[in-house]
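For the record, in the sequence shown the residue sitting at position 300 is 299 according to numbering that gives the first Met the number 0, with numbers rising by one throughout. Heads up: the structure comes next, in structure tokens.
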Amino acid sequence: MTDDLLPNDSLPDPQADKQPSRWQRAVAAVGRVALAPFNTAGYLYRTGQQNRHFTLPVLNGAFGDQLAERHDRRAIQMSFRRHGADVPVASLRLEPTAEGRPRKTVVFLHGLMGDEVIWQTGSPDGLRYGPRLQQDTGAYCLYIRYNTGLHISENGKLLHLLLTNLLATFPGAIGDLILVGHSMGGLVIRSAGYYASQPEGLRSQLNLPNSQAVSNTVPEPDTTHRQPDTSKWLTHLRDVFLLGVPNDGSFLEQNSYFTSVVLRKINLRPTRFISGLIDKRSNGIKDLRHAFLVDEDWQDPHANDLFPPRTLVPPLPGVRYHVLVGSLLKAANSALHDYFGDGLVGAGSALGRVFGDPGLPPEQQISTRVFSKLHHGTLLSNQEVYQYLRDRV
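Written out as structure tokens, the structure reads:
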């Protein structure tokens with residue numbers, strides 16, 4: 000016996016180098032084709048399961064006004080969110096610090112077709128702004144989900160009522176109130192501030208979109224038969240952070256509107272059909288054209304003019320505003336930067352005529368910051384942006 004002999008299981012296989020026959024290759028190809036629909040369906044199912052939280056907000060952003068009008072169960076109602084579910088205000092169970100002092104409270108609002116998850120999940124290297132801010136500062140961080148297909152002013156009134164309920168339910172637990180809005184969320188914040196600052200008689204006549212949408216937001220009746228002070232949350236408001244907010248309107252929606260008008264003017268059956276499809280976009284999207292923040296703007300007979308009238312909504316007195324602007328470019332001093340900005344919101348619109356007005360009174364506190372080489376989405380997951388937010392909270 001010698002050590003050169005190979006064991007039986009290591010003998011070379013005479014079939015190893017033999018190529019499969021044409022028939023075998025054909026059978027294998029047919030099998031792959033037959034399984035392709037099942038593999039594709041499985042992939043789509045797994046992808047849908049992983050991103051199912053995103054499907055409903057997209058549907059509401061596109062057609063949410065129509066869903067709400069039909070009282071469709073898929074229409075999102077504005078509510079605080081925890082663990083992927085709506086949470087009644089009373090169930091938030093906010094408490095003061097161990098020393099009995101109220102806590103800073105940060106409320107986050109997402110943008111068009113978004114939800115609260117954008118603030119809560121991030122890359123594997125770290126958390127996104129909400130949980131990390133609560134961990135670093137000890138502030139309460141609350142998240143709101145809302146139907147982005149409704150008019151911005153309708154969501155503004157709903158937010159006003161929700162914050163009113165929050166302060167009425169936890170008067171001793173909430174100290175400074177800080178609002179953070181991304182994209183459309185910032186416009187909803189500004190609209191809520193407008194309605195909260197109106198005289199009491201006007202506030203009591205809020206024309207709300209539908210009963211379903213406010214079932215979780217209307218303040219409980221005052222047992223003393225006195226009307227609750229619906230502007231109280233404004234006395235707690237200290238900071239508003241506007242991240243990539245189209246304060247003077249979205250160039251994308253302006254282009255969509257112009258395209259629809261041109262196709263309608265051509266007046267052929269195909270162009271009328273395409274124009275009709277474009278016009279089915281939600282009221283929330285249409286409001287982004289010129290950033291309509293109050294009911295009177297979209298109700299105006301000239302609302303669909305090329306340059307419609309628009310109510311000026313100034314910054315609230317005594318509130319610090321932080322206008323954070325993204326830019327795809329390295330330099331922030333060009334016409335391309337002003338128009339395209341972060342790719343979805345132009346820098347000129349993000350600053351807006353309100354926050355860029357040189358005639359603002361000196362006591363008005365407005366800070367602007369441009370973050371270069373950031374697009375609209377990465378404004379939500381950038382260390383430099385988070386550092387700015389944390390340092391001021």
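Virtual Cβ for every residue (Gly too), placed ideally from N, Cα, C. Note that the coordinates shown come from a computational prediction; the quantities given were computed from them, not determined experimentally.
Residues bridged to Arg144 (per DSSP): The residue you call residue 144 lines up with position 145 of the sequence shown. Looking at the DSSP assignment, Arg144 forms a beta bridge with Ser78.
Does the pairing of the segment 100-120 with the segment 132-144 give three or more beta-carbon distances under 8 Å? yes
Looking at the secondary structure, which residues open and close the beta strand (DSSP E) in which Arg72 lies? By one-based count along the sequence shown, residue 72 stands at place 73. In the DSSP assignment, Arg72 falls outside any beta strand (DSSP E) and carries neither an H nor an E.
Exposed or buried, Thr120, counting other C-beta atoms within 10 Å across all chains shown (16 or more means buried)? As a first step, residue 120 must be located in the sequence shown, where it is residue number 121. Burial call: exposed.
Does the Cβ of Arg189 have 16 or more other Cβ atoms within 10 Å, making it buried, or fewer, making it exposed? Here residue 189 refers to the residue found at position 190 when the sequence shown is read from its first residue. In this structure Arg189 is buried. Its beta-carbon is surrounded by 16 or more other beta-carbon atoms within 10 angstroms.
Rounded to the nearest angstrom, what separates Leu162 and Leu262 at their Cα positions? On the sequence shown, residue 162 is found 163 positions in, with the first residue counted as 1. On the sequence shown, residue 262 is found 263 positions in, with the first residue counted as 1. Looking at the two C-alpha atoms, the distance is approximately 43 Å.
Tell me whether Leu287 sits in a helix, a strand or coil according to DSSP, three-state version. On the sequence shown, position 288 is the one that residue 287 refers to. Note: Leu287 maps to coil in three-state DSSP.
So what does DSSP say about Val293, is it helix, strand or coil? Counting from 1 along the sequence shown, the entry for residue 293 is found at position 294. In this structure, Val293 counts as coil in the three-state DSSP scheme.
What does DSSP give as the partner residues of Asp85 in its beta bridges? By one-based count along the sequence shown, residue 85 stands at place 86. DSSP output for Asp85 lists Arg80 as bridge partner(s).
Please report the residue range of the beta strand (DSSP E) in which Ser326 lies. Walking along the sequence shown from the start, residue 326 turns up at place 327. Counting along the chain, the beta strand (DSSP E) containing Ser326 begins and ends at 319-326.
Which of helix, strand or coil DSSP assigns to Lys231: Taking the first residue of the sequence shown as position 1, residue 231 is located at position 232. Of the three classes helix, strand and coil, the one that applies to Lys231 here is helix, per DSSP.
Check this for me: beta carbons of Ser259 and Asp278, under 8 Å apart or not? Your numbering for residue 259 matches position 260 in the sequence shown. Your numbering for residue 278 matches position 279 in the sequence shown. Yes, Cβ-Cβ distance for Ser259 and Asp278 is below 8 Å.
Looking at the structure shown, is Lys264 part of a helix, part of a strand, or coil, going by DSSP? Indexing the sequence shown from 1 puts residue 264 at position 265. Lys264 falls in the helix class under three-state DSSP.
Spatial distance of Val384 from Val187 (CA atoms): Start at 1 with the first residue of the sequence shown, and residue 384 comes out as number 385. Start at 1 with the first residue of the sequence shown, and residue 187 comes out as number 188. Straight-line Cα distance between these residues: approximately 21 Å.
3-residue-minimum beta strand (DSSP E) runs that sit fully inside the segment 354-383, ordered along the chain: 364-371
Report buried or exposed for Gly180, applying the criterion of at least 16 other Cβ atoms within 10 angstroms of its Cβ. Reading the sequence shown from its first residue, position 181 is the one you call residue 180. By the 10 Å Cβ count, Gly180 comes out buried.
Just to confirm the assignment, what range does the alpha helix (DSSP H) spanning Gly155 have? In the sequence shown, the residue the question calls residue 155 occupies position 156. 151-168 is the extent of the alpha helix (DSSP H) around Gly155.
Mark Asn303 as exposed unless 16 or more other C-beta atoms lie within 10 angstroms of its C-beta, in which case mark it buried. Position 304 of the sequence shown holds residue 303. Label assigned to Asn303: exposed.
Counting along the chain, where does the alpha helix (DSSP H) carrying Leu132 start and finish? On the sequence shown, residue 132 is found 133 positions in, with the first residue counted as 1. From DSSP, the alpha helix (DSSP H) with Leu132 extends over 128-136.
How should Arg368 be labelled, buried or exposed, when 16 other C-beta atoms within 10 angstroms of its C-beta is the threshold for buried? Here the question's residue 368 lines up with position 369 in the sequence shown. Its Cβ having fewer than 16 others within 10 Å, Arg368 is exposed.
Alpha-carbon spacing of Gly137 relative to Val293, whole angstroms: Walking along the sequence shown from the start, residue 137 turns up at place 138. Walking along the sequence shown from the start, residue 293 turns up at place 294. Gly137 and Val293: Cα-Cα distance of roughly 35 Å.
Which whole-angstrom value describes the C-beta separation of Val344 and Leu241, a residue pair presumed to lie in contact below a C-beta threshold of 8 Å? By one-based count along the sequence shown, residue 344 stands at place 345. By one-based count along the sequence shown, residue 241 stands at place 242. In fact, because the Cβ distance is near 10 Å, the residues do not count as touching under 8 Å.
Exposure label - Trp22; buried when at least 16 CB within 10 Å: Along the sequence shown, one-based indexing puts residue 22 at 23. Answer is exposed; the Cβ neighbour count stays below 16.
Contact belief for Ser281 with Gly155 at Cβ below 8 Å, rounded distance in angstroms: By one-based count along the sequence shown, residue 281 stands at place 282. By one-based count along the sequence shown, residue 155 stands at place 156. The C-beta distance from Ser281 to Gly155 rounds to 16 Å, too long to meet the 8 Å contact threshold.
So Gly347 and Asp247 are in contact, right, with Cβ under 8 Å, and what is the actual spacing, rounded? Within the sequence shown, residue 347 is the residue found at index 348, counting from 1. Within the sequence shown, residue 247 is the residue found at index 248, counting from 1. Confirmed, about 7 Å.
For Pro316 versus Ile365, is the C-beta distance shorter than 8 Å? Counting from one through the sequence shown, the residue named residue 316 turns up at place 317. Counting from one through the sequence shown, the residue named residue 365 turns up at place 366. No, the Cβ-Cβ distance between Pro316 and Ile365 is not below 8 Å.
From the DSSP output, which residues share a beta bridge with Leu176? Walking along the sequence shown from the start, residue 176 turns up at place 177. The partner list for Leu176 (beta bridge, DSSP) reads Thr104, Leu236.
Proximity of His374 and Asp337 at Cβ, strictly below 8 Å: As a working mapping, residue 374 is identified with position 375 in the sequence shown. As a working mapping, residue 337 is identified with position 338 in the sequence shown. Against a cut-off of 8 Å, the Cβ pair of Asp337 and His374 comes out as no contact.
List the endpoints of the continuous alpha helix (DSSP H) containing His109. Start at 1 with the first residue of the sequence shown, and residue 109 comes out as number 110. Counting along the chain, His109 falls outside any alpha helix (DSSP H), and DSSP gives it neither H nor E.
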